[in-house]
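*Asks:* Got a structure here, written out as structure tokens. Questions coming.
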Amino acid sequence: MNIVCIVCPNGCCIEVNRNGDQLEMSGNLCERGRKFVEAELTNPTRSLTTTMRSNSEIMPVIPVRTDGEIPKDMMFDVMAVINQGCVKVPVKCGDIVVKDILGTGCNMIATCSVNI
Amino acid sequence: MNKEKLYDVVVIGGGPAGLAAALSADEKGASVLLIEREARLGGILKQCIHDGFGLVRFGKKMAGPEYAQTFIDKIEKSKVHISLLTFATSIEKCDDGVRLTLVNCDGVETIIAKSLVLSTGCRERTARQIAIHGTRPAGVYTAGSAQYYTNVLGYMPTKKCVILGSGDIGLIMARRLTLEGATVIGVYEAKPTPSGLTRNIHQCLHDFNIPLYTSQTVTRVFGKERLEAVEVTMVDENMCPIKGTSKIIECDSLILSVGLIPENELAESLNVACDNRTKGPVCDQNYMTMQDGIFVCGNALHVNDLVDYVSESGEGAGKSAAQYQNEKRRLVEINPDNSFLYVVPQRLNLEKPIDSVVMFFRSNIERGKTKLSVTVDDKEVYTKIYRALRPPEMERISIDFTKLPIDEKSVIKLSLKEVSK
Ligand SMILES: Cc1cc2nc3c(=O)[nH]c(=O)nc-3n(C[C@H](O)[C@H](O)[C@H](O)COP(=O)(O)OP(=O)(O)OC[C@H]3O[C@@H](n4cnc5c(N)ncnc54)[C@H](O)[C@@H]3O)c2cc1C
Ligand code: SF4
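Each protein sequence line maps, in turn, to chains A and B.
Taking our numbering, I'd label the letters of the first sequence as residues 38 to 153.
Taking our numbering, I'd label the letters of the second sequence as residues -5 to 415.
Written as structure tokens, this is what we have:
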């Protein structure tokens, strides 16, 4: 089985073979690739980037992202929560706009600063 | 007569390249003016809300606006003069450097710059630049405009769409539109291999079960006012449609992700020599174009896939512009063979340091294990083995040219050769 590591732009194509309960891997340039494959096979996670409505005068929506990775199959549930919300300005890049979204342990943070 | 304002360095374009250029020129003690035609700094990064920026530079995944913000915060604390909503309409050479005409809500102003940095970014190829038959209904957008509508204006440009071209922006928009509830019927690529990064094919298409069809293209669009359907057809190796393979797909939008070209109207007005391969100006290792005192960086120089390298070129250009003294150059041509899509820079200035010359290149085709070799008068000065090379993935190397004797008559060559396993 081949899995493409999406952790960095190298995008290594990792060949994975199961040997008993051992996973044998080749093709990954670094250890992060191994961790990625292990997660992919048990509980795949992704970071989520999107926008959220805001009361800013200049920006109808403000870019936000998860500060960690959420389970891949929860992406649409998290989107639904974000699309109900509103970011109040002023907001600074890195400020938490939704805490522990849907109990994932991840916060949504603003990814730019807006004053008005 | 009014005395025209004089700056050491004027930077045109407030994207990541221009921000880095202005900051580094400022650090070198130059008086700097940064001109941006939009209301906010950040360039294209304002709409690139996805993450993946800054891995090389900051060692972490940042969203585009976040990456830009670190530079914007710095520039707001610096001495750089910033002029927003200002458009540089024309440039001409003059005794002191260049004279620029600027237009903004206060009217028209001319200023003088001892040296100039062009960081105007790139623009997207549009429907006019590719051959599609049929009507011209609404609903045909470039991926970049779709991204602008969705991520900056906050409204959805489509409910059900087809994406033509597998460039990264198209892949990223396929995921983005799907997350916002639209149906992306498929991504169609005329070439036999996708042009975007492998990781984007995985995290943007595979993750959301969006199909990718290679060797297929859109040949016709239907619809009077709004797009109603498109016709897709398989193509052969010469990109010619194959008869009898067409099918009609109903959709309200066609999103074009067919590539970017450097934005160089200003450079052209200065008669700056351009490279046919990059479509941007020819430059030396200090990012100076073939016109003395005119520097270029970022996507205006060549279309980058990593913003980290855009900032690096901005810093290089800004620093060189600040140190520019109108001294004579001794230039040697750099000759990549045709295994490259392109190599930047295209010239080496022997009057400047050549012990760590940063070069960027793209292979013209997908290659397995490959040896890059750089020679000066047929002697190897640098080699590197790559596991694989792909045109979408730009490579960066740093070469010490002091290892071999070199003068203006030297011949510098670059080649790529596949090595058998
Ligand atoms: C859609 C998209 C997705 C990308 N995704 C990634 C990614 O995931 N990871 C990554 O590392 N990189 C990514 N990149 C690449 C990277 O973001 C770009 O290469 C980088 O932003 C280019 O910076 P720039 O400063 O050269 O150009 P730009 O950001 O385009 O900035 C140019 C600026 O110049 C201004 N300007 C132009 N002409 C004039 C004029 N005459 N007068 C005044 N102002 C002018 C424009 O308004 C603009 O603000 C992406 C690029 C795009 C387009
Ligand atoms: S294995 Fe390491 S180098 Fe390869 S893509 Fe993953 S993170 Fe990048």
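For each residue, glycine too, the CB sits at the ideal point set by N, CA and C.
Source: prediction; values computed, not measured.
1) Near I166 of chain B, which residues of its chain fall below 7 Å by C-beta distance, leaving aside the five closest residues on each side in sequence?
2) Could you work out which residues of chain B lie near P97 of chain A, taking near to mean beta carbons separated by less than 9 Å?
3) Who pairs with Q59 of chain A in a beta bridge, going by DSSP?
4) Mind checking which residues open and close the beta strand (DSSP E) that includes L398 of chain B?
5) With DSSP run on the structure shown, which of helix, strand or coil describes H200 of chain B?
6) In angstroms with no decimal places, state the Cα-to-Cα distance between R169 of chain B and L344 of chain B.
7) So, under 8 Å CB-CB, L260 of chain B and I38 of chain B are touching, yes? Tell me the CB distance rounded to an integer number of Å.
8) For ligand 1, any of its heavy atoms closer than 7 Å to the Cβ of D110 of chain A?
9) Of all Cβ atoms in chain A, is any one closer than 8 Å to the Cβ of H296 of chain B?
10) Which ranges does the beta strand (DSSP E) cover as unbroken runs of at least 3 residues, wholly within the region 257 to 342 of chain B, from first to last along the chain?
11) Assuming L94 of chain B and V4 of chain B form a contact by the criterion Cβ under 8 Å, report the distance between their Cβ atoms to the nearest whole angstrom.
12) Determine the chain B residues that contact C123 of chain A at a beta-carbon separation under 7 Å, and present them in chain order.
13) Just to confirm the assignment, what range does the alpha helix (DSSP H) spanning S18 of chain B have?
14) Run down chain B in chain order and give the residues with a C-beta less than 9 Å from the C-beta of M116 of chain A.
15) So, is the C-beta of D162 of chain B closer than 8 Å to a C-beta in chain A?
16) Whole angstroms are fine: how far does the CA of T211 of chain B sit from the CA of C234 of chain B?
17) Name the chain B residues whose beta carbon is nearer than 9 Å to that of R90 of chain A?
18) Anything in chain B within Cβ reach of V41 of chain A, meaning under 7 Å, just list it in chain order.
19) For Q210 of chain B, name the three-state secondary structure that DSSP assigns.
20) Roughly how far, in whole angstroms, is the beta-carbon of L112 of chain B from the beta-carbon of I288 of chain B, given that I think they are within contact range, below 8 Å?
21) With a 10 Å radius around its C-beta and 16 neighbouring C-beta atoms as the bar for buried, classify G101 of chain B as buried or exposed.
22) Kindly indicate which three-state DSSP category K154 of chain B falls into: helix, strand or coil?
23) Closer than 9 Å, Cβ to Cβ, to anything on chain A: give me those residues from the region 306 to 339 of chain B, in chain order.
24) Would you check if the distance between the CB atom of F334 of chain B and the CB atom of L254 of chain B is smaller than 8 Å?
25) In the DSSP assignment, find the unbroken alpha helix (DSSP H) run with R71 of chain A in it and report its ends.
26) Could you tell me whether the Cβ of C67 of chain A comes closer than 8 Å to any Cβ of chain B?
27) Suppose you measure from the CA of C49 of chain A to the CA of N39 of chain A; what does that come to, to the nearest Å?
28) Can you tell me whether M(-5) of chain B is buried or exposed, with buried defined as 16 or more other CB within 10 angstroms of its CB?
29) By the criterion of Cβ-Cβ separation under 8 Å, what are the contact partners of K136 of chain A in chain B?
30) Output the residues surrounding ligand 2, defined as those with a CB atom closer than 5 Å to any ligand heavy atom, in chain order.
31) Does the region 301 to 312 of chain B come close enough to the region 9 to 25 of chain B that 3 or more CB-CB pairs lie under 8 Å?
32) Is any heavy atom of ligand 1 found at a distance shorter than 7 Å from the C-beta of T227 of chain B?
33) Would G274 of chain B and G217 of chain B qualify as a contact pair, given that the criterion is a beta-carbon distance under 8 Å?
34) Put E86 of chain B into one of helix, strand or coil per three-state DSSP.
35) Nearest chain B C-beta to M112 of chain A closer than 8 Å, yes or no?
36) Which same chain residues end up closer than 6 Å to Y380 of chain B when comparing Cβ atoms and leaving out the 5 residues on each side of it in sequence?
*Replies:* Looking at the coordinates:
1) The beta carbon of I166 of chain B sits closer than 7 Å to those of H44, N194 and C198, all from its chain and outside the five residues before and after it, given in chain order.
2) Annotation: Cβ neighbours of P97 of chain A in chain B (cutoff 9 Å, chain order): V146, L147, G148 and Y149.
3) Paired residues: A:N56.
4) First-last for L398 of chain B: undefined, no H or E at that position.
5) Residue state, collapsed to three classes: helix.
6) Going by the C-alpha atoms only, they are around 47 Å apart.
7) With 8 Å as the limit, L260 of chain B and I38 of chain B do not qualify as a contact, their Cβ atoms being about 17 Å apart.
8) Taking 7 Å as the cut-off, the C-beta of D110 of chain A does not count as close to any heavy atom of ligand 1.
9) By this cut-off, H296 of chain B is not an interface position.
10) Scanning the region 257 to 342 of chain B from its first residue to its last, the whole beta strand (DSSP E) runs of 3-plus residues come out as 288 to 290, 325 to 330 and 334 to 338.
11) Confirmed, Cβ separation roughly 6 Å.
12) Residues of chain B with a Cβ closer than 7 Å to the Cβ of C123 of chain A do not exist, since the nearest Cβ in that chain sits about 12 Å away.
13) For S18 of chain B, the enclosing alpha helix (DSSP H) has its first and last residue at P10 to E21.
14) Residues of chain B passing the Cβ test: L173, E174 and G175.
15) Closer than 8 Å: no.
16) For the pair C234 of chain B and T211 of chain B, the Cα-to-Cα distance works out to about 10 Å.
17) By Cβ distance, chain B contributes G148.
18) The answer, in chain order, is T192, R193 and H196.
19) Strand.
20) That pair is a contact at about 7 Å.
21) Residue environment: G101 of chain B is assigned as exposed (fewer than 16 neighbouring CB atoms within 10 Å of its CB, all protein chains considered).
22) Strand at K154 of chain B.
23) Cβ contacts with chain A: none found.
24) Taking 8 Å as the Cβ cut-off, F334 of chain B and L254 of chain B do not qualify as a contacting pair.
25) Looking at the DSSP string, the run of the alpha helix (DSSP H) that includes R71 of chain A is E68 to T79.
26) Output row for C67 of chain A: interface = no.
27) Distance from the CA of C49 of chain A to the CA of N39 of chain A, rounded to the nearest whole angstrom, comes to 10 Å.
28) Note that M(-5) of chain B scores a pLDDT of 47, beneath 50, so its modelled location is shaky; the value from the coordinates is reported in the next line. Exposed, by the Cβ-count rule.
29) Here the premise fails: no neighbours, minimum Cβ distance about 19 Å.
30) The answer, residue by residue, is A:C42, A:V44, A:C45, A:N47, A:C49, A:N65, A:L66, A:C67, A:R69 and A:G70.
31) Segments in contact, yes.
32) It does not: the Cβ of T227 of chain B is nowhere closer than 7 Å to a heavy atom of ligand 1.
33) Not closer than 8 Å, so no.
34) Strand, per DSSP.
35) M112 of chain A has a beta carbon lying within less than 8 Å of a beta carbon in chain B.
36) A distance below 6 Å between beta-carbons, with the five flanking residues on each side excluded, links Y380 of chain B to the following residues of its chain, in chain order: T364.
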